[in-house]
Amino acid sequence: MQSRLREEREKALRRKTPLAFVLTDVDRFKVFNDTYGHQAGDEVLRAVARVLMQQARPSDTAARYGGEEFCMILPGADAAKAMEIAEAFRTSVEEMVLHHEGKQLRVTVSAGVSLFDPEQDARTSKAMIERADRALYACKNSGRNRVILFDDSLRSV
């Protein structure tokens with residue numbers, strides 16, 4: 116994922132095209148593991164990954180970021196397109212129902228979106244990832260199951 120983000124960042128800089136990064140997190144994932152066991156948690160992760168792959172456009176890169184976090188690299192996506200894709204992913208996850216040992220499990224995700232900024236992101240992906248993470252953190256603090264686009268008001272979050 117890191118090398119793919121670097122490649123897309125370099126292309127966006129060269130071509131002067133938009134690029135977005137979406138960082139998502141399964142809401143209250145620990146509850147699935149603690150309540151239903153790690154097998155249920157694993158099934159949640161597999162199901163969320165399937166939805167992520169379905170929502171990604173052919174030009175996008177979808178990846179597991181770590182733990183219960185996933186990400187999408189969206190070449191050519193401006194703010195509106197990135198929010199549309201992230202919201203479609205969030206909604207699709209919210210609508211799915213997982214069946215585990217006779218129980219129906221509902222899952223939600225939160226997503227933070229950041230946009231490529233040639234001034235800050237020309238040399239490294241770190242700031243772009245951090246901005247998406249701040250937006251994700253704002254989602255968690257404002258109730259979860261939502262998508263937030265990073266803006267300057269989130270710099271101190």
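Residue numbers for the sequence shown follow my numbering, so the first one is 116 and each next one is one higher. All residues carry an ideal CB built from backbone N, CA and C; glycine is no exception. If you're wondering where the values come from, they're calculated on a predicted model, not measured in any experiment.
Selection from the options that minimises the alpha carbon distance to residue i
i	options	result
A247	I188, H214, K196	I188
V146	I244, V137, D157	D157
C186	K131, G258, A135, N256	A135
A178	R124, D142, S118	S118
L230	A162, N148, K131, L264	L264
D266	L160, M198, V141	M198
T176	V141, D232, E122	E122
T132	D232, R165, E202, A250	D232
Residue i: first and last residue of the uninterrupted beta strand (DSSP E) it sits in
i	result
R165	First-last for R165: 153-170, but that is the alpha helix (DSSP H), not the beta strand (DSSP E).
A177	176-181
E184	184-190
R221	218-221
L128	From DSSP, L128 is part of no beta strand (DSSP E) but of the alpha helix (DSSP H) over 117-130.
S225	224-230
L264	262-264
L269	From DSSP, L269 is part of no beta strand (DSSP E); its letter is neither H nor E.
Run of the alpha helix (DSSP H) containing residue i, from where it starts to where it stops
i	result
F136	Unbroken run through F136 is the beta strand (DSSP E), 134-141; no alpha helix (DSSP H).
S240	Where S240 is concerned, there is no enclosing alpha helix (DSSP H), given that its DSSP letter is neither H nor E.
M198	194-210
C-alpha gap between residue i and residue j, whole angstroms
i	j	result
I200	Q170	7 Å
R172	H215	30 Å
S268	A253	10 Å
A242	Q235	7 Å
V212	R130	41 Å
E183	R161	10 Å
G152	V159	11 Å
K255	S240	23 Å
Anticipated Cβ contact below 8 Å, residue i with residue j, distance rounded
i	j	result
S225	T150	Going by Cβ atoms, the distance from S225 to T150 rounds to 19 Å, so no, they are not a contact pair.
S207	G191	Not confirmed; about 21 Å, so no contact.
V222	V163	7 Å
E144	L167	A small correction: the amino acid at residue 144 is Phe; Glu does not occupy that position in the sequence shown. Rounded, the Cβ-Cβ distance is 15 Å, inconsistent with contact.
A237	L128	6 Å
Any non-hydrogen atom of the ligand MN within 7 Å of residue i CB
i	result
C186	For the structure depicted, the ligand MN is absent and the ligand set is empty, with no information on it obtainable.
Chain C within 8 Å of residue i, Cβ atoms only
i	result
T150	Here there is only one protein chain, and chain C is not present.
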